[in-house]
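Below: the structure, in structure tokens.
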Amino acid sequence: MKSDKFWAWLVFILGSAYFVVPLAATFEFSLRMRRGEYSFDAYASVFSDPYFASSFTYSVVVGLFTIIVGIFVVVPAVYFVRLRMPWLKPIMEFITLLPLVIPALVLVYGYIRLYGSSSFIPFTGSVLGTDILLTCAYVTLALPYMYRAVDNGMRTIDIGTLTEAAQIAGANQLQIIAQIILPNILVAILSGAFLTFAIVIGEFTIASLLNRPAFGPYLVGIGTNRAYEPAALAIISFIITWGAMGMINVLGRFAPRTSARTD
Amino acid sequence: MGQPAQRQSMASSSTPRRIPWDALAVFPFILFAVMFLFLPTFSLIGGAFTDRAGNFTLDNIAGLFTDQIMAAYWISIRISGASAILGALIGLAITLAIIRGKLPQGLRSAVMTFSGVASNFAGVPLAFAFIATLGRLGLATIILKTVFGIDIYRSGFNLFSFWGLTLTYLYFQIPLMVLTIAPAIDGLKKEWNEAAQTLGASTWQFWRYIGFPILWPSVLGTLSLLFANAFGAIATAWALTGSNLNIVTVLLYNQIRGDALQNPGLGAALALGMIVITSLANVIYLVVAARAERWMK
Numbered sequence: 009m010k011s012d013k014f015w016a017w018l019v020f021i022l023g024s025a026y027f028v029v030p031l032a033a034t035f036e037f038s039l040r041m042r043r044g045e046y047s048f049d050a051y052a053s054v055f056s057d058p059y060f061a062s063s064f065t066y067s068v069v070v071g072l073f074t075i076i077v078g079i080f081v082v083v084p085a086v087y088f089v090r091l092r093m094p095w096l097k098p099i100m101e102f103i104t105l106l107p108l109v110i111p112a113l114v115l116v117y118g119y120i121r122l123y124g125s126s127s128f129i130p131f132t133g134s135v136l137g138t139d140i141l142l143t144c145a146y147v148t149l150a151l152p153y154m155y156r157a158v159d160n161g162m163r164t165i166d167i168g169t170l171t172e173a174a175q176i177a178g179a180n181q182l183q184i185i186a187q188i189i190l191p192n193i194l195v196a197i198l199s200g201a202f203l204t205f206a207i208v209i210g211e212f213t214i215a216s217l218l219n220r221p222a223f224g225p226y227l228v229g230i231g232t233n234r235a236y237e238p239a240a241l242a243i244i245s246f247i248i249t250w251g252a253m254g255m256i257n258v259l260g261r262f263a264p265r266t267s268a269r270t271d
Numbered sequence: 127m128g129q130p131a132q133r134q135s136m137a138s139s140s141t142p143r144r145i146p147w148d149a150l151a152v153f154p155f156i157l158f159a160v161m162f163l164f165l166p167t168f169s170l171i172g173g174a175f176t177d178r179a180g181n182f183t184l185d186n187i188a189g190l191f192t193d194q195i196m197a198a199y200w201i202s203i204r205i206s207g208a209s210a211i212l213g214a215l216i217g218l219a220i221t222l223a224i225i226r227g228k229l230p231q232g233l234r235s236a237v238m239t240f241s242g243v244a245s246n247f248a249g250v251p252l253a254f255a256f257i258a259t260l261g262r263l264g265l266a267t268i269i270l271k272t273v274f275g276i277d278i279y280r281s282g283f284n285l286f287s288f289w290g291l292t293l294t295y296l297y298f299q300i301p302l303m304v305l306t307i308a309p310a311i312d313g314l315k316k317e318w319n320e321a322a323q324t325l326g327a328s329t330w331q332f333w334r335y336i337g338f339p340i341l342w343p344s345v346l347g348t349l350s351l352l353f354a355n356a357f358g359a360i361a362t363a364w365a366l367t368g369s370n371l372n373i374v375t376v377l378l379y380n381q382i383r384g385d386a387l388q389n390p391g392l393g394a395a396l397a398l399g400m401i402v403i404t405s406l407a408n409v410i411y412l413v414v415a416a417r418a419e420r421w422m423k
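Take a look at the structure:
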């Protein structure tokens, strides 16, 4: 029994070392810009770069639209499949797993071939169209996570009873979804939203192939041209990811603990 | 006579009103899946089997069997396999340590939270972090050289190589394993352990005959997830090595950017090959999981 504990500590310490050392090294590297002493010069250089602000803002905006479109696509579908068409659930689960099986690079290749400027829906023919396509691509990437978050949220509330009560009170279907279901699964949706945000904010592949000025392509550009700024940006990205995940943890404490009736 | 007819008309007037509503709610989801998952995939599959003139051909598939493309697939499979297997083993060890190793309770939630962050800390920033750590001027490289006298670059290590990329991928593979396997390990009841001990089983026997057979399908499922995860990854590799390392995603990326293979059909075939490999990993998992379930009954 004592040796169990020894091995557990050993594994934990070795594991921690692997995860902490790169972060510490990156932080140390990011402070080395000024010769001979530690400084935050690399961070100052990053924040004063207008492309940092513009690409970051662009990715945040795309991220917000991704979340809104994702909610619009997933919530009504999960609600009705749970309530009226449970036989569709396995198919839905299969579809939402596809983005984990088909690489994003392959999907975006398909989009470019299918929605090029001479196709039946020329998404990439205009800037706005490309932005819409990028948003939809991100919704696809986030689909497995958004679906699971919303599905878990609906599992903990009794959507059948809520729907009946709302119908008796005279609500129509749109009101039921928007005013009854959505507020009740808000915590779950927000978890999905923050995860979506964490995925989208530094995404490189799709944004660069669609030629949009997002944060991911900006990062790669800095990586090839600068020495210390990339380390600073890695730390900033880590903090953003940490913030998004931290929000999910905080939100988890507000999640309803009651489970749906099974009868 | 009038009443049943009336009831019937009520039923038929309310049914059509309800069915379009149901369909309408699922419609955005279906439309989305068709437009952004099915059609693009089918377009690539179609493209892989048509020549420039639009006729059916197997030339594109045959074109995959060149040294350059086969080498790209092979190194991708090796990196994904190595990072998935190592990630699964190390992740399993860490999860067992924090859940069953009698470590302080606080460590467990700290590790789970950190895993949530690290599994999403992929792509370009991860590459930057490893360059700052194990690059030629990285902190770990310098400390190893000045303090321990080990010059890892002189002894053959290169961050921009197979092992460098695998080591970097482990940074998101291990946490992903921890997050997905933790519920399964939680499912191993303490009572089973006690029962096995009462019957005289050693720790090894417990894991060999009880623990591992129960965990096996979950481990294998996560393994295929990790494989697909690494196989489709490009941002980390791109930021780390540029187009130095000839992995299949980098090859396809260059093809999409500027038709590097000078044959769109071959590009589609390359993408199809990737789908086939990731699907195969998942089919293997489904088959084994089904067998394991049957066995467990």
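Top to bottom, those sequences are chains G and X.
Numbering (the working numbering) for the first sequence: 9 to 271.
Numbering (the working numbering) for the second sequence: 127 to 423.
Note that beta-carbon positions come from the ideal geometry of N, C-alpha and C, so glycine has one too.
Residue i classed as buried or exposed, judged by whether at least 16 other C-beta atoms fall within 10 angstroms
| i | result |
| --- | --- |
| G:Ala239 | buried |
| G:Phe14 | exposed |
| G:Phe55 | exposed |
| G:Phe128 | exposed |
| X:Gln388 | exposed |
| G:Gly78 | buried |
| G:Pro58 | exposed |
| G:Arg40 | buried |
| X:Ala151 | buried |
| X:Arg280 | exposed |
| X:Gln299 | buried |
| X:Thr292 | buried |
| G:Arg121 | buried |
| X:Ile269 | exposed |
| X:Asn355 | buried |
Proximal chain X residues relative to residue i, where beta-carbon distance stays under 7 Å
| i | result |
| --- | --- |
| G:Glu36 | Leu265 |
| G:Tyr87 | Ala151 |
| G:Ala239 | Phe254, Ala258 |
Within chain G, partners of residue i - CB distance below 8 Å
| i | result |
| --- | --- |
| X:Asn186 | The premise fails here: X:Asn186 is roughly 14 Å from chain G at the closest Cβ pair, so nothing lies under 8 Å. |
| X:Ser405 | Val109 |
| X:Gly227 | Asp12, Lys13, Trp15, Ala16, Trp17, Val19, Phe20 |
| X:Pro154 | Phe80, Val81, Pro84, Ala85 |
| X:Leu302 | Under the 8 Å cutoff, chain G gives no residues; its nearest Cβ is about 11 Å from X:Leu302. |
Cβ neighbours of residue i in the same chain (closer than 6 Å, five flanking residues each side left out)
| i | result |
| --- | --- |
| G:Leu151 | Thr104, Pro107 |
| X:Gln132 | Here X:Gln132 scores only 45 on pLDDT, less than 50, and its place in the model is too uncertain to base an answer on. |
| G:Gly231 | Pro238 |
| G:Tyr301 | Lying before the first or after the last residue shown, residue 301 of chain G is absent from chain G, which here runs from 9 to 271. |
| G:Leu218 | Thr138, Leu142 |
| G:Phe246 | none |
| G:Arg269 | Interpretation of G:Arg269 is limited by its pLDDT of 44, a score under 50 that renders its predicted location unreliable; the figure taken from the coordinates is listed afterwards. Same-chain partners within the cutoff: Asp166. |
Distance between beta carbons of residue j and residue i, contact taken as under 8 Å
| i | j | result |
| --- | --- | --- |
| G:Ser63 | G:Tyr236 | At roughly 19 Å, the Cβ-Cβ gap does not stay under 8 Å, so G:Ser63 and G:Tyr236 are not in contact. |
| X:Ile205 | X:Phe288 | 6 Å |
| X:Ile307 | X:Phe357 | X:Ile307 to X:Phe357, Cβ: 20 Å. No contact. |
| X:Gly391 | X:Asp177 | 6 Å |
| G:Gly210 | X:Gly207 | Contact flag wrong, Cβ pair sits at about 26 Å. |
| X:Thr362 | X:Tyr295 | 7 Å |
| X:Thr259 | G:Thr34 | 6 Å |
| G:Met253 | X:Thr324 | About 42 Å; that fails the 8 Å criterion. |
| X:Ser169 | G:Gly118 | 5 Å |
| X:Ala394 | X:Gly173 | 3 Å |
Contacts around residue i, its chain only, beta-carbon distance under 8 Å, and the 5 residues preceding and following it disregarded
| i | result |
| --- | --- |
| G:Ile185 | Val83, Pro84, Tyr87 |
| X:Leu396 | Leu190, Ile195, Val374, Leu377, Leu378, Gln381, Leu387 |
| G:Gly260 | Val195, Ser199 |
| G:Ile207 | Tyr146, Leu149, Ala150, Tyr153 |
Contacts of residue i in chain G (Cβ-Cβ under 9 Å)
| i | result |
| --- | --- |
| X:Trp364 | Phe212, Thr213, Ser216, Val228 |
| X:Arg383 | Ser216, Leu217 |
| X:Gly249 | Gly210, Glu211, Phe212, Thr213, Gly224, Leu227, Ser245 |
| X:Ile195 | Per Cβ cutoff of 9 Å: no residues; X:Ile195 is ~15 Å from chain G at best. |
| X:Ile211 | Simply none; closest approach about 16 Å. |
| X:Ile307 | The premise fails here: X:Ile307 is roughly 14 Å from chain G at the closest Cβ pair, so nothing lies under 9 Å. |
Neighbouring residues, chain X, relative to residue i (Cβ below 8 Å)
| i | result |
| --- | --- |
| G:Tyr119 | Phe162, Pro166 |
| G:Met253 | Thr239, Gly242, Val243, Asn246 |
Neighbourhood of residue i by C-beta, 7 Å cutoff - its chain only, sequence neighbours within 5 removed
| i | result |
| --- | --- |
| X:Ile224 | Leu233, Arg234, Val237 |
| G:Ile193 | Val158, Gly161, Met162, Ile165 |
Residues that residue i contacts on chain G, provided the C-beta gap is smaller than 7 Å
| i | result |
| --- | --- |
| X:Gly173 | Arg121 |
Q. With a cut-off of 8 Å, do at least 3 Cβ pairs link the segment 158 to 166 of chain X to the segment 373 to 389 of chain X?
A. no
(Q) Closer than 8 Å is the cut-off here; do at least three beta carbon pairs connect the segment 257 to 267 of chain X with the segment 28 to 39 of chain G? (A) yes
Q | Three CB pairs or more closer than 8 Å across the segment 87 to 106 of chain G and the segment 143 to 159 of chain G | A | yes
Q) Given 8 Å as the limit, is there contact between the segment 396 to 414 of chain X and the segment 349 to 357 of chain X, that is, 3 or more CB pairs closer than that? A) yes
Q) Can we say the segment 322 to 341 of chain X touches the segment 363 to 371 of chain X, given the rule of at least three CB pairs closer than 8 Å? A) no
Q. Would the segment 17 to 24 of chain G and the segment 214 to 228 of chain X be scored as touching if the rule is three or more Cβ pairs under 8 Å?
A. yes
Q. Within the chosen definition, does the segment 244 to 258 of chain X reach the segment 241 to 260 of chain G through at least 3 CB pairs nearer than 8 Å?
A. yes
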